[in-house]
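With this note's numbering applied, the sequence shown covers 117 to 304.
Even for Gly, the Cβ is constructed at its ideal location relative to N, Cα and C.
In what follows, a single structure is set out as structure tokens and then discussed.
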Amino acid sequence: MIDTALNTSQTYSQHSQAEGAAQNNSHQLRAPARADGYDIWQLISQCPPLDLNSVYSYLLLCEHFDKTCVVAQANGQIDGFVSAYQPPDKADVLFIWQVAVHERGRGHGLGQQMLSSLLERPNLAHIRYLETTVGPDNAASRRMFAAVARNMGAGIEESPLFEPELFGPEAHDDERLLKIGPLRPTPG
Numbered sequence: 117m118i119d120t121a122l123n124t125s126q127t128y129s130q131h132s133q134a135e136g137a138a139q140n141n142s143h144q145l146r147a148p149a150r151a152d153g154y155d156i157w158q159l160i161s162q163c164p165p166l167d168l169n170s171v172y173s174y175l176l177l178c179e180h181f182d183k184t185c186v187v188a189q190a191n192g193q194i195d196g197f198v199s200a201y202q203p204p205d206k207a208d209v210l211f212i213w214q215v216a217v218h219e220r221g222r223g224h225g226l227g228q229q230m231l232s233s234l235l236e237r238p239n240l241a242h243i244r245y246l247e248t249t250v251g252p253d254n255a256a257s258r259r260m261f262a263a264v265a266r267n268m269g270a271g272i273e274e275s276p277l278f279e280p281e282l283f284g285p286e287a288h289d290d291e292r293l294l295k296i297g298p299l300r301p302t303p304g
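Here it is, written out as structure tokens:
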């Protein structure tokens with residue numbers, strides 16, 4: 117599930133693409149490091165309605181998926197995190213798992229900036245589609261992903277993915293799949 121409460125007007129400029137870092141007015145955008153795992157877990161715990169996973173899962177994201185995840189850091193604190201991965205059978209898709217922005221970082225388009233910084237990484241130059249799941253009542257996430265699609269001149273399709281009963285006895289909204297793209301022209 118995605119959590120954002122973001123304004124989409126601010127953009128960022130590249131600070132050091134070779135290091136995988138970008139800078140906006142006050143946030144450095146960079147790949148997560150293993151030492152960020154617990155801080156990311158704390159951030160997610162403060163960003164309902166996101167599902168809070170174990171610290172271990174965030175450590176694994178930092179260790180194994182650092183090339184498809186990004187943190188936003190300011191004054192030594194992590195204010196934003198995007199977890200994403202490439203589904204094994206969809207070479208041109210980046211699946212966005214969680215977008216979290218701390219309250220102190222909201223209102224500046226930080227979620228979109230983190231997504232843009234991911235898509236500018238050389239290892240993701242082949243990505244043509246973003247996929248994510250969003251609950252039916254998560255208006256903030258829907259606005260953010262609609263703005264991402266609009267800013268990239270891409271379409272957005274919605275379809276069912278996970279019905280509530282798949283989550284077992286625990287109450288959980290259904291998760292709708294959003295597919296944004298194509299993001300880039302087909303090569304050659």
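Below 8 Å on the Cβ atoms is my contact criterion, and I expect residue 182 with residue 148 to pass it. Report the Cβ-Cβ distance as a whole number of Å.
5 Å
Assuming residue 254 and residue 164 are in contact, meaning their beta carbons sit under 8 Å apart, how far apart are those beta carbons, in whole angstroms?
Their Cβ separation, rounded to whole angstroms, is 11 Å, which puts residue 254 and residue 164 out of contact at 8 Å.
Provide the residue(s) that pair with residue 211 in DSSP beta bridges, ordered along the chain.
201 and 247
Do residue 299 and residue 218 come within 8 Å of each other at the CB atom, strictly closer than that value?
Residue 218 places its beta carbon 8 Å or farther from that of residue 299.
Whole angstroms is fine: what's the gap from residue 273's alpha carbon to residue 179's?
Residue 273 and residue 179: Cα-Cα distance of roughly 32 Å.
Note down the Cα distance separating residue 220 from residue 193, rounded to an integer number of angstroms.
10 Å
Starting from residue 173, follow the alpha helix (DSSP H) in both directions and report where the run begins and ends.
171-180
Compute the Euclidean distance between the alpha carbons of residue 296 and residue 245, then round it to the nearest angstrom.
5 Å
Would a C-beta distance cut-off of 8 Å place residue 277 and residue 292 closer than the cut-off?
yes
Should the region 223-231 be regarded as contacting the region 260-268, the criterion being three or more beta carbon pairs within less than 8 Å?
Contact annotation: the region 223-231 touches the region 260-268, with at least three C-beta pairs closer than 8 Å.
By a C-beta neighbour count over all protein chains shown, 10 Å radius and 16 as the cutoff for buried, is residue 199 buried or exposed?
buried
Just to confirm the assignment, what range does the beta strand (DSSP E) spanning residue 275 have?
For residue 275, the uninterrupted beta strand (DSSP E) run begins and ends at 271-278, by DSSP.
Under the three-state reduction of DSSP, which class applies to residue 229: helix, strand or coil?
helix
Go to residue 158, then tell me how far its beta strand (DSSP E) extends in each direction, as first and last residue.
From DSSP, residue 158 is part of no beta strand (DSSP E) but of the alpha helix (DSSP H) over 153-161.
Going by DSSP in three states, residue 216 sits in which element: helix, strand or coil?
strand
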